[in-house]
Amino acid sequence: MSKATQGAPAKRKERPDEIADENTPVKVERLSGDSMLGIVRERTEYDAHGAPARVLVEGADTTVNVAAGQVSVARGSNADVVRSLVGGQEDV
């Protein structure tokens, strides 16, 4: 008998880390504990050892500059919501 027929939950494949480039809809995990949806407007890489990349994210009512590790690529309905709020490109 397979695990699926026994009612075991399906294992989800973990997505590889994706890089949030310009015009990518993202979700920002803020230090205050809440999150923000927005679109990456600029990405800055640094040559210094261990310095994380920074991204400028435009949201519906604010723009933030955060470390690239604080953002994750928005998918599905979240990406659609970001595009409608911020007015991003449709082909992202």
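Note that the sequence shown covers residues 8 to 99 in our numbering.
A virtual CB, placed ideally from N, CA and C, is assigned to each residue, including glycine.
Practice item. Report yes if the CB atom of V3 is closer than 8 angstroms to the CB atom of V64, and no otherwise. Key: Limits of the chain in this structure are 8 at one end and 99 at the other, which puts residue 3 out of reach.
Point to revise | Under 8 angstroms between C-beta atoms of V47 and A67 | key: Position 40 of the sequence shown, counted from the start, is the residue given in the question as residue 47. Position 60 of the sequence shown, counted from the start, is the residue given in the question as residue 67. Note that the C-beta distance between V47 and A67 is not below 8 angstroms.
Check your understanding: Who are the Cβ neighbours of V71 in its own chain at under 6 angstroms, not counting the five residues just before and after it?
Key -> Position 64 of the sequence shown holds residue 71. Its chain contains V64 as the residues whose beta carbon lies nearer than 6 angstroms to that of V71, once the 5 sequence neighbours on both sides are disregarded; these appear in chain order.
Review point. Which residues in the same chain have their Cβ closer than 6 angstroms to the Cβ of E49, if we skip the five residues on either side of it in sequence?
Key: For this step, residue 49 is matched to residue 42 along the sequence shown. Contacts found: L63.
Exercise for review: Could you check the C-alpha separation between A58 and V73 for me, to the nearest Å?
Suggested key: Start at 1 with the first residue of the sequence shown, and residue 58 comes out as number 51. Start at 1 with the first residue of the sequence shown, and residue 73 comes out as number 66. So the two alpha carbons sit approximately 12 angstroms from each other.
Review point. With a CB to CB cut of under 7 angstroms and the five nearest residues on each side skipped, what residues in its chain are close to V99?
Key: Here the question's residue 99 lines up with position 92 in the sequence shown. Any answer about V99 is weak, because its pLDDT of 45 lies below 50 and its placement is not dependable; what the coordinates show is given next. Cβ neighbours of V99 within its own chain (closer than 7 angstroms, five residues either side excluded): N30, T31 and P32.
Point to revise | Whole-angstrom distance between M43 and A75, CA atom to CA atom | key: In the sequence shown, residue 75 corresponds to position 68, counting from 1. In the sequence shown, residue 43 corresponds to position 36, counting from 1. Those two C-alpha atoms are separated by around 14 angstroms.
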